[in-house]
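J.: Handing you a structure now.
2 protein chains.
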Amino acid sequence: MTESAELTLSSLSSAQKEAAQNVVSPITVEVTRGSMVESLHRVSLAVVDAGGRVVLSSGAFERVVYGRSAIKPLQAIPLVESGAAEAHGLSAAEIAIACASHDGEARHVETVLAWLPRIGCDVSDLECGAHLPYHEASMIALLRSGAEPTAAHNNCSGKHSGFLTLAKHMGVETKGYIKYEHPVQQRILGVLESMCGLDLGDAPRGIDGCGIPVIGIPLGNIALGMARMADPSDQPEARQVASKTILDAMAAEPFMVAGSTRFCTRIMEATGGRALVKTGAEGVYCGAIPELGLGFALKVDDGASRAAEVATGQVLCKLGIISDTHAKSLADLIEPPLFNRAGTRTGQVRPAKELPF
Amino acid sequence: MTESAELTLSSLSSAQKEAAQNVVSPITVEVTRGSMVESLHRVSLAVVDAGGRVVLSSGAFERVVYGRSAIKPLQAIPLVESGAAEAHGLSAAEIAIACASHDGEARHVETVLAWLPRIGCDVSDLECGAHLPYHEASMIALLRSGAEPTAAHNNCSGKHSGFLTLAKHMGVETKGYIKYEHPVQQRILGVLESMCGLDLGDAPRGIDGCGIPVIGIPLGNIALGMARMADPSDQPEARQVASKTILDAMAAEPFMVAGSTRFCTRIMEATGGRALVKTGAEGVYCGAIPELGLGFALKVDDGASRAAEVATGQVLCKLGIISDTHAKSLADLIEPPLFNRAGTRTGQVRPAKELPF
Numbered sequence: 001m002t003e004s005a006e007l008t009l010s011s012l013s014s015a016q017k018e019a020a021q022n023v024v025s026p027i028t029v030e031v032t033r034g035s036m037v038e039s040l041h042r043v044s045l046a047v048v049d050a051g052g053r054v055v056l057s058s059g060a061f062e063r064v065v066y067g068r069s070a071i072k073p074l075q076a077i078p079l080v081e082s083g084a085a086e087a088h089g090l091s092a093a094e095i096a097i098a099c100a101s102h103d104g105e106a107r108h109v110e111t112v113l114a115w116l117p118r119i120g121c122d123v124s125d126l127e128c129g130a131h132l133p134y135h136e137a138s139m140i141a142l143l144r145s146g147a148e149p150t151a152a153h154n155n156c157s158g159k160h161s162g163f164l165t166l167a168k169h170m171g172v173e174t175k176g177y178i179k180y181e182h183p184v185q186q187r188i189l190g191v192l193e194s195m196c197g198l199d200l201g202d203a204p205r206g207i208d209g210c211g212i213p214v215i216g217i218p219l220g221n222i223a224l225g226m227a228r229m230a231d232p233s234d235q236p237e238a239r240q241v242a243s244k245t246i247l248d249a250m251a252a253e254p255f256m257v258a259g260s261t262r263f264c265t266r267i268m269e270a271t272g273g274r275a276l277v278k279t280g281a282e283g284v285y286c287g288a289i290p291e292l293g294l295g296f297a298l299k300v301d302d303g304a305s306r307a308a309e310v311a312t313g314q315v316l317c318k319l320g321i322i323s324d325t326h327a328k329s330l331a332d333l334i335e336p337p338l339f340n341r342a343g344t345r346t347g348q349v350r351p352a353k354e355l356p357f
Numbered sequence: 001m002t003e004s005a006e007l008t009l010s011s012l013s014s015a016q017k018e019a020a021q022n023v024v025s026p027i028t029v030e031v032t033r034g035s036m037v038e039s040l041h042r043v044s045l046a047v048v049d050a051g052g053r054v055v056l057s058s059g060a061f062e063r064v065v066y067g068r069s070a071i072k073p074l075q076a077i078p079l080v081e082s083g084a085a086e087a088h089g090l091s092a093a094e095i096a097i098a099c100a101s102h103d104g105e106a107r108h109v110e111t112v113l114a115w116l117p118r119i120g121c122d123v124s125d126l127e128c129g130a131h132l133p134y135h136e137a138s139m140i141a142l143l144r145s146g147a148e149p150t151a152a153h154n155n156c157s158g159k160h161s162g163f164l165t166l167a168k169h170m171g172v173e174t175k176g177y178i179k180y181e182h183p184v185q186q187r188i189l190g191v192l193e194s195m196c197g198l199d200l201g202d203a204p205r206g207i208d209g210c211g212i213p214v215i216g217i218p219l220g221n222i223a224l225g226m227a228r229m230a231d232p233s234d235q236p237e238a239r240q241v242a243s244k245t246i247l248d249a250m251a252a253e254p255f256m257v258a259g260s261t262r263f264c265t266r267i268m269e270a271t272g273g274r275a276l277v278k279t280g281a282e283g284v285y286c287g288a289i290p291e292l293g294l295g296f297a298l299k300v301d302d303g304a305s306r307a308a309e310v311a312t313g314q315v316l317c318k319l320g321i322i323s324d325t326h327a328k329s330l331a332d333l334i335e336p337p338l339f340n341r342a343g344t345r346t347g348q349v350r351p352a353k354e355l356p357f
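Those protein sequences? They're chains A and B, same order as listed.
Numbered per full-length UniProt numbering, the first sequence spans residues 1 to 357.
Numbered per full-length UniProt numbering, the second sequence spans residues 1 to 357.
Pasting the structure below:
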């Protein structure tokens, strides 16, 4: 645990990057089966305040990672800050689904399908690709009905509807809105730079599962971006309003951010929105905690979501957001039991005995 | 790389176990996205001959792991060695599916459904539980037909049919054949002890995804078991025959061991059965290479199958079983590209730059 570290608020040198890459992240989550630990997960973590002070950490918070879908709340800032959300009368549910990796349950899909026509678009304008709903009962219902999944079922369809809304509001061509050079993505890049406190012009980059750019950012600086959403008091007024609007929407509509069975949704429900949390692919998890003015970001080295969730649960316990009483009622989420196909309990995903933070 | 190590052929002391647990496995597989490594996997490996000499290793081969489904070829030995397979006229396809984690494609399910009545059993005797086929097109076809998955679709249904066949042949009650105390599982435990060269009476244990016992065994000793299948010349004659019959069945019917799109099946097809390989849950992979008299076992610390496959590909390249020419035509398996939902290539799972073996 590091109490006094300060984030680098400029680009990292390649020596810093290499040094961070060579730190062996501590074992934070273990997976048991019967009388033995079967698998383990190494995790890096940074909990940061809006001034860039690292109040809790594990592993190398200088390590450059892709925030993936865990930074969707940051990516939603331009949608609100620009006035696009207000101009199109977006509801809290719509702003929440713009921050979502949703499971394709009926209300998720309906929300997107009701939104698109209001901006003069339809499903064919979404460039995220189609996939079956992640929610098993919804997937089975879709297949049994004989229908095919569309881009509206894609877990990112809400975020993409937000991008289309922003493009319309900016008066730019919507086609190609997922490309790095497109004004929508450039606007988001600018927001990431100012919120995370780093020049990202030369940052590593790639393409996300839904086609938009991913930008490599040091873990601690991603946490800083979340902290500045949690405590935007040093930000310009429009950003203060946007940050609060987005976090309030996630708190008001947690179902929209993920789904009825999902960790993000259930944690936000259980904490009454005291923590606004968001998962990302490859083991990333981010959160904003307004009452503490803190943000966090963590990355599981190996990319496992099961470990990112358990580590997030421990961060929230450590910060007092999940109380002991909560922890008991959330045991199936924060120390999830494992069952086999016949319904027999076989093991558990749980925090490592010597938690490194 | 360790050239001269010898396996411990008795129980490990708790000091040995703890020391092995504390070895940080080397980074063996990395996952890229765009211009950056996004995630990484640490892997332990042992390649062993039938005499217990470790010819190639990485990490701690004393580390105790559950072999999971990767040791199904070893678990199938009693089925053949007892005479049960011959008495019931089992085909190569049936013996191969007894060693399988199959994808629930039509021919897998049909094979099991044609086998069970011949031993006086039906699907309700399988104690593995039901799940949807892993093969996506088969899963979609099943759901669109309005049918429900049964235990025959369970990826372990062939192995369980083998257990039922053995129970019938032994003249014992079939019910409860998945329990540790049942004569079928005790017989398998005895085979594991003799093939892996360890007393397993006090070994850690738990319950597998399909309900049968899992037994904690040092990684190198699991590799020894596979090596003794590959080169059974020091074994009693019935075991020599059983080992050869099982490996020959896997070579003759690679589809039955996994499925049309799967790593196990495609590697055995591509190598013409020179390597008999088998995946297991939580990142375990095992193989037998008869022409070299070697067996191998590897375990990804974090349990990721994607890394176990890529590491297995590298072991087979290193041992000359996958030639440079093969490696090119198998590139989609041994260094698999990653695509997003829109079909754009986003990255790759590949061996680490400095492979530790």
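Just so you know, even glycine gets a beta-carbon here, dropped at the ideal spot from N, CA and C.
Does DSSP put E30 of chain B in a helix, a strand or coil?
T.: Position 30 of the second sequence, counted from the start, is the residue given in the question as residue 30 of chain B. If DSSP states are grouped into helix, strand and coil, E30 of chain B belongs with the strands.
J.: Looking at the C-beta of A96 of chain B, does it have a partner C-beta in chain A at a distance below 8 angstroms?
T.: Taking the first residue of the second sequence as 1, we reach residue 96 of chain B at position 96. No, its Cβ sits nowhere closer than 8 angstroms to a Cβ of chain A.
J.: Which residues in chain A sit within 7 angstroms of D302 of chain B, going by Cβ to Cβ distance?
T.: Here residue 302 of chain B corresponds to residue number 302 of the second sequence, with the count starting at 1. Correct list: S39, L40, H41, D302, A304.
J.: Using C-beta distances below 7 angstroms, list every residue in its chain close to C196 of chain A, excluding the 5 sequence neighbours before and after it, in chain order.
T.: Reading the first sequence from its first residue, position 196 is the one you call residue 196 of chain A. Around C196 of chain A: I217, N221, I222, L224, G225.
J.: Any chance you could list the beta strand (DSSP E) runs of at least 3 consecutive residues sitting entirely within the segment 280-316 of chain B, in chain order?
T.: 284-289, 294-300
J.: Please say whether S145 of chain A and D103 of chain A have beta carbons closer to each other than 8 angstroms?
T.: Position 103 of the first sequence, counted from the start, is the residue given in the question as residue 103 of chain A. Position 145 of the first sequence, counted from the start, is the residue given in the question as residue 145 of chain A. Contact: no.
J.: So who's on the other strand from S39 of chain A, going by DSSP bridges?
T.: Residue numbering aside, residue 39 of chain A sits at position 39 when the first sequence is read from its first letter. According to DSSP, S39 of chain A bridges with A:V31.
J.: Report yes if the C-beta of E354 of chain B is less than 7 angstroms from at least one heavy atom of the ligand GTP; otherwise report no.
T.: For the structure depicted, the ligand GTP is absent and the ligand set is empty, with no information on it obtainable.
J.: Would you mind listing the alpha helix (DSSP H) stretches within the segment 141-212 of chain A that are 4+ residues and don't spill past its ends, in chain order?
T.: Inside the segment 141-212 of chain A, DSSP marks whole alpha helix (DSSP H) runs of 4 or more residues at positions 157-170, 183-196, from first to last along the chain.
J.: Go through the segment 38-106 of chain A residue by residue and report every complete run of the alpha helix (DSSP H) that reaches 4 residues or more, in order.
T.: 72-75, 77-81, 84-87, 92-98
J.: Start and end of the beta strand (DSSP E) containing G225 of chain B?
T.: Your numbering for residue 225 of chain B matches position 225 in the second sequence. Careful: G225 of chain B lies outside any beta strand (DSSP E), inside the alpha helix (DSSP H) at 219-230.
J.: What is the DSSP secondary structure of P117 of chain A, reduced to helix, strand or coil?
T.: On the first sequence, position 117 is the one that residue 117 of chain A refers to. In this structure, P117 of chain A counts as helix in the three-state DSSP scheme.
J.: Taking the straight line between their C-alpha atoms, what separation do you get for M1 of chain B and V315 of chain B?
T.: By 1-based counting over the second sequence, the position of residue 1 of chain B is 1. By 1-based counting over the second sequence, the position of residue 315 of chain B is 315. At M1 of chain B the pLDDT is 44, less than 50, meaning the model places this residue with poor confidence and gives no usable figure here.
J.: Using a Cβ-Cβ distance cut-off of 8 angstroms, determine whether V64 of chain A contacts chain B.
T.: As a first step, residue 64 of chain A must be located in the first sequence, where it is residue number 64. So yes, V64 of chain A belongs to the interface.
J.: Using a Cβ-Cβ distance cut-off of 8 angstroms, determine whether H131 of chain B contacts chain A.
T.: The residue given as residue 131 of chain B occupies position 131 in the second sequence. So yes, H131 of chain B belongs to the interface.
J.: Just checking: is the beta-carbon of I321 of chain A within a distance shorter than 8 angstroms of some beta-carbon in chain B?
T.: Taking the first sequence and counting its residues from 1, the one referred to as residue 321 of chain A is at position 321. Judged by the 8 angstroms Cβ criterion, I321 of chain A is not in contact with chain B.
J.: Tell me which residues share the same chain as L211 of chain A and place their Cβ nearer than 8 angstroms to its Cβ, disregarding the 5 neighbours each side in the sequence.
T.: To locate residue 211 of chain A, count along the first sequence from 1; it is residue 211. In the sequence under discussion, the amino acid at residue 211 of chain A is Gly, which differs from the Leu named in the question. If we look at G211 of chain A and ignore the five residues flanking it on each side, its Cβ neighbours are E127, C128, G129, I178.
J.: Tell me which residues share the same chain as R188 of chain B and place their Cβ nearer than 7 angstroms to its Cβ, disregarding the 5 neighbours each side in the sequence.
T.: Taking the second sequence and counting its residues from 1, the one referred to as residue 188 of chain B is at position 188. Going by the sequence as given, residue 188 of chain B is Ile instead of Arg. So the qualifying residues of the chain are Q75, P78.
J.: Which whole-angstrom value describes the C-beta separation of G293 of chain B and A92 of chain B, a residue pair presumed to lie in contact below a C-beta threshold of 8 angstroms?
T.: Within the second sequence, numbered from 1, the residue matching residue 293 of chain B stands at position 293. Within the second sequence, numbered from 1, the residue matching residue 92 of chain B stands at position 92. 23 angstroms between Cβ atoms; not a contact.
J.: Which class does Q235 of chain B belong to by DSSP, given the choice of helix, strand or coil?
T.: On the second sequence, residue 235 of chain B is found 235 positions in, with the first residue counted as 1. Here Q235 of chain B sits in coil by DSSP.
J.: How far does the alpha helix (DSSP H) with T265 of chain B in it extend, from its first residue to its last?
T.: To locate residue 265 of chain B, count along the second sequence from 1; it is residue 265. Run containing T265 of chain B: 263-270, per the alpha helix (DSSP H) assignment.
J.: Express the C-alpha separation of D301 of chain A and L192 of chain A in angstroms, rounding to a whole number.
T.: Counted from its first residue, the first sequence places residue 192 of chain A at position 192. Counted from its first residue, the first sequence places residue 301 of chain A at position 301. Going by the C-alpha atoms only, they are around 23 angstroms apart.
J.: Would DSSP call E110 of chain B helix, strand or coil?
T.: Residue 110 of chain B sits at position 110 when you count from the first residue of the second sequence. Helix, per DSSP.
J.: In the segment 47-79 of chain A, which residues sit with their C-beta less than 8 angstroms from some C-beta in chain B, listed in chain order?
T.: V64, V65, Y66
J.: Could you pull the DSSP bridge partners for L349 of chain A from this structure?
T.: Position 349 of the first sequence, counting from 1, holds the residue named residue 349 of chain A. The amino acid at residue 349 of chain A is misidentified as Leu; the sequence shows Val. According to DSSP, V349 of chain A bridges with A:V31.
J.: In this structure, how does DSSP classify P254 of chain B when only helix, strand and coil are distinguished?
T.: As a position in the second sequence, residue 254 of chain B is number 254, starting the count at 1. DSSP places P254 of chain B in helix when its eight states are reduced to three.
J.: Quick check: the Cα distance between A342 of chain B and H182 of chain A, rounded to an integer number of angstroms?
T.: Taking the second sequence and counting its residues from 1, the one referred to as residue 342 of chain B is at position 342. Taking the first sequence and counting its residues from 1, the one referred to as residue 182 of chain A is at position 182. Those two C-alpha atoms are separated by around 18 angstroms.
J.: What residues in its chain sit with their C-beta under 6 angstroms from that of T346 of chain A, if we drop five residues either side in the sequence?
T.: On the first sequence, position 346 is the one that residue 346 of chain A refers to. Counting only Cβ-Cβ distances below 6 angstroms, and skipping sequence neighbours, we find R33, L338, N340.
J.: Is there a C-beta anywhere in chain B that falls below 8 angstroms from the one on R107 of chain A?
T.: Within the first sequence, numbered from 1, the residue matching residue 107 of chain A stands at position 107. Chain B has no Cβ within less than 8 angstroms of the Cβ of R107 of chain A.
J.: Counting only beta-carbon atoms, is S243 of chain A nearer than 8 angstroms to chain B?
T.: Numbered from 1 along the first sequence, position 243 holds the residue referred to as residue 243 of chain A. Not flagged as an interface residue toward chain B: S243 of chain A, since no C-beta distance is shorter than 8 angstroms.
J.: Taking only three categories from DSSP, how would you classify E354 of chain B?
T.: Working through the second sequence from its first residue, we reach residue 354 of chain B at position 354. In this structure, DSSP gives E354 of chain B a state outside helix and strand, which the three-state scheme calls coil.
J.: Where does E127 of chain A fall in DSSP's three states?
T.: For this step, residue 127 of chain A is matched to residue 127 along the first sequence. Looking at E127 of chain A - three-state DSSP - the assignment turns out to be coil, as it is neither helix nor strand.
J.: CA-CA distance, V123 of chain A and L113 of chain A?
T.: To locate residue 123 of chain A, count along the first sequence from 1; it is residue 123. To locate residue 113 of chain A, count along the first sequence from 1; it is residue 113. If I take the Cα positions, the gap works out to 7 angstroms.
J.: List, in chain order, every chain B residue whose beta-carbon is nearer than 8 angstroms to that of A342 of chain A.
T.: What you label residue 342 of chain A is simply residue 342 of the first sequence in a count that begins at 1. Those within 8 angstroms of A342 of chain A in chain B are E127, C128, G129, C210, G211.
J.: Around the Cβ of Y285 of chain A, are there at least 16 other Cβ atoms within 10 angstroms (buried) or fewer (exposed)?
T.: The sequence position of residue 285 of chain A within the first sequence is 285, counting from 1. Label assigned to Y285 of chain A: buried.
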